[in-house]
Amino acid sequence: MIRDYAKETTDRVAWIKQILADSRARGIVFGSSGGKDSVLVGILCKMACENTLGVILPCESKRNFEEDTKDALLFAEHFGIEHISADLTTAKQAIVAALPMELNAAASTNINPRLRMTALYAIAATYGALVAGTGNRSETHMGYFTKWGDGGCDFNPIADLTVAEIYEFLQYLGAPKIFWTKAPSAGLFEGQTDEQEMGISYAEIDSYLLNGEIGTNYEKIERAHKISEHKRVPIKRYGLSAGS
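Sequential numbering from 0 applies to the sequence shown in numbering that gives the first Met the number 0.
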């Protein structure tokens, strides 16, 4: 499907404005990682609401403090978005030290995005703002996000866009080239990239989602989608239906 990004921009900005009006929120807060998703969300939110705040939240990873922070600051300056920073490393270390067992790598790594979610909601509550999500369709389909971490938000203006479409959208909006050419990474540990960790390229995932193309990694995509279903469905509550 070929998207009309002029119309997409108008429609998404109007959608965000309506959410703000309905909730009577006074602004928007989003996690600014210097990556493609947060950049697109930040641009759209700024168009919808002047009171948009990007929050840079480095935690442990050297990349967080160097490349990610540098790109987040470049983005904020280029699009005139207010930003603040908070180092979550000490908070992460305190949680790990307080637990009576040694955590495995996945458990430890997932603390980082959950701390960021906590920080974003604390800031949003202080300012009477909403938290904007930054997850895209491709990673959501694969379950490549942390439950109650980067998956936690009040609204998400890019949830239906694949990685390929986000790159196109950023080019349309005039984002600096770095944001649509750098390798996608959650920056959770040194040398980490999304595609390396998933063992599959976003191009393959997007071809499947957009065109129904079943490549050599079709089974890997479907398996990842199936085992991560619990991340995408409402909480199961005994005696209550989803709408109760």
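We treat Cβ as the ideally placed atom computed from N, Cα and C, and that holds for glycine.
Asked, Found
"The stretch 191-202 touching the stretch 148-159, judged by at least three CB pairs closer than 8 Å", "no"
"Residues sharing a beta bridge with A131, DSSP", "F154"
"Closest Cα partner of K176 within the set L39, N109, S31", "L39"
"Minimum length 4: unbroken alpha helix (DSSP H) runs contained in the stretch 45-89", "68-78"
"Secondary structure, alpha helix (DSSP H): runs of 4+ residues fully inside the stretch 8-51", "35-47"
"Buried or exposed by the 16-neighbour rule on C-beta atoms within 10 Å, applied to D3", "exposed"
"Nearest-angstrom Cα separation, counted from A163 out to A202", "7 Å"
"Cβ-based burial, E76 [other Cβ within 10 Å; buried from 16]", "exposed"
"8 Å Cβ cutoff met for R25 and Y126", "yes"
"Cβ shell of A118 (< 8 Å), same chain only, five flanking positions each side left out", "V54, L56, A85, L87"
"Top-ranked residue by Cα proximity to L160, from N135, L52, V130", "N135"
"Contacts around S206, its chain only, beta-carbon distance under 6 Å, and the 5 residues preceding and following it disregarded", "E212"
"Beta-carbon proximity check, T51 vs I80, cutoff 8 Å", "yes"
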